[in-house]
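Enquirer: Have a look at this one before I ask anything.
There are 2 protein chains.
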Amino acid sequence: MQMIPEQKIRTASEGLRAIAHEVRLSVLCHLMQGPMCVQDLMEATGTSQSNLSQHLSKMRLMGILENEKRGQQVYYSIANPAFRGLVSALQAIYCPEICSTSNGELK
Amino acid sequence: MQMIPEQKIRTASEGLRAIAHEVRLSVLCHLMQGPMCVQDLMEATGTSQSNLSQHLSKMRLMGILENEKRGQQVYYSIANPAFRGLVSALQAIYCPEICSTSNGELK
DNA sequence: TTGACATATTAGAATATTCTAATGATACTT
DNA sequence: AAGTATCATTAGAATATTCTAATATGTCAA
Numbered sequence: 037m038q039m040i041p042e043q044k045i046r047t048a049s050e051g052l053r054a055i056a057h058e059v060r061l062s063v064l065c066h067l068m069q070g071p072m073c074v075q076d077l078m079e080a081t082g083t084s085q086s087n088l089s090q091h092l093s094k095m096r097l098m099g100i101l102e103n104e105k106r107g108q109q110v111y112y113s114i115a116n117p118a119f120r121g122l123v124s125a126l127q128a129i130y131c132p133e134i135c136s137t138s139n140g141e142l143k
Numbered sequence: 037m038q039m040i041p042e043q044k045i046r047t048a049s050e051g052l053r054a055i056a057h058e059v060r061l062s063v064l065c066h067l068m069q070g071p072m073c074v075q076d077l078m079e080a081t082g083t084s085q086s087n088l089s090q091h092l093s094k095m096r097l098m099g100i101l102e103n104e105k106r107g108q109q110v111y112y113s114i115a116n117p118a119f120r121g122l123v124s125a126l127q128a129i130y131c132p133e134i135c136s137t138s139n140g141e142l143k
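Protein sequence lines correspond, in order, to chains A and B.
The opening residue of the first sequence carries number 37 in the working numbering; numbering runs sequentially from there.
The opening residue of the second sequence carries number 37 in the working numbering; numbering runs sequentially from there.
Here is the structure:
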């Protein structure tokens, strides 16, 4: 009768770790508003190209993000919409004043 | 217009890290059902006393758990109910079949 | 007050994560 | 084809996290 069965705790904690980093969380937050290319994410997060690329790669491998090549650029977006719920829950904890509904709309 | 403003990304990612570990997530999940003492959490998580104690301490310092001494035992419980929302969001991702409402009741 | 029990703390070794610097790959432009 | 721009990959140093083992603290019971 647990919320998350023992056998899935490992997987879930790995999922958490995949976004429990300043840069990766920042990326995820920015992508809540729609797809962005690496360049723009670089500016948005203030991280080096190489570093950002490694973080993006990690999130993609974890099934959180997906990417699409458009010409010279690669656009990243949120692959699993359920991760939006995680961000909303986080927001409820750390900035409750900016209220939003669970589907991500601002109120 | 971001869900989590830049200045709070660091804090939020620290909060995530505080539960992004098998043992700590397992503890949090077990405590969803109510307070438990260290001994029982030890059995529930299969961790050594010292190790568990260190994890509990970390979660307490992060404001996730609180504890209360009752005689020889120390009971831990969820200090910030908003963290329940995080677990629910996690569950929606990793075990959607076990559906539950946002307030934690099973359906 | 001594011993047993429950929990906390500390130090340091083991392990994992993160970042930087260098290089590689691919797609555009001219 | 040569140069430039965008992104990915790699190796390894720097840093942070986790675990174990030993010890400390506080509480209860006899």
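All residues carry an ideal CB built from backbone N, CA and C; glycine is no exception.
#1: How would you label L61/A, buried or exposed, when you count the other beta carbons within 10 angstroms and need 16 or more for buried?
#2: Are L101/A and L52/B close, meaning C-beta to C-beta below 8 Å?
#3: Please work out which residues of its chain come closer than 8 Å, Cβ to Cβ, to V110/B, disregarding the five sequence neighbours upstream and downstream, and give them in chain order.
#4: Count the other CB atoms within 10 Å of the CB of S49/A; is the residue buried (16 or more) or exposed (fewer)?
#5: Would you mind stating whether P117/B and C131/A have Cβ atoms separated by less than 8 Å?
#6: Going by DSSP, what residues sit across from V110/B in a beta bridge?
#7: Hey, how far is the Cα of T81/A from the Cα of H66/A?
#8: Which whole-angstrom value describes the C-beta separation of A128/B and G121/A, a residue pair presumed to lie in contact below a C-beta threshold of 8 Å?
#9: I want to verify the contact list: residues of chain B whose CB lies under 9 Å from the CB of G116/A, in sequence order.
#10: Since C73/A sits in a beta bridge, which residues does DSSP pair it with?
#11: Using 8 Å as the threshold, is the C-beta distance between V63/A and M98/A below it?
#12: Counting only Cβ-Cβ distances shorter than 9 Å, please list the residues of the region 39 to 54 of chain B near chain A, keeping chain order.
#13: Am I right that I25/B and E58/A are in contact with their C-beta atoms under 8 Å? What's the rounded C-beta distance?
#14: Is the separation between the beta-carbon of M68/A and that of M68/B shorter than 8 Å?
Expert: So, to answer that:
#1: Around the beta carbon of L61/A, 16 or more other beta carbons lie within 10 angstroms, which makes this residue buried.
#2: Contact flag unset, no.
#3: The residues are C73, V74, N103 and E104.
#4: Buried.
#5: Cβ atoms of P117/B and C131/A: not closer than 8 Å.
#6: Under DSSP, V110/B takes part in a beta bridge, and its partners are K105/B.
#7: For the pair T81/A and H66/A, the Cα-to-Cα distance works out to about 9 Å.
#8: With a Cβ gap of about 5 Å, A128/B and G121/A count as contacting.
#9: Reading the sequence as shown, one finds Asn at residue 116/A and not Gly. Near N116/A (Cβ distances below 9 Å), the residues of chain B are I129.
#10: DSSP lists Y111/A as the bridge partner or partners of C73/A.
#11: In this structure, V63/A lies away from M98/A, with their beta-carbon atoms at least 8 Å apart.
#12: Cβ contacts with chain A: M39, I40, P41, E42, K44, I45, R46, T47, A48, S49, E50, G51, L52, R53 and A54.
#13: Outside the shown range of chain B, which is 37 to 143, sits residue 25/B, and nothing can be said about it.
#14: No, the pair does not count as a contact, with Cβ atoms beyond the cut-off.
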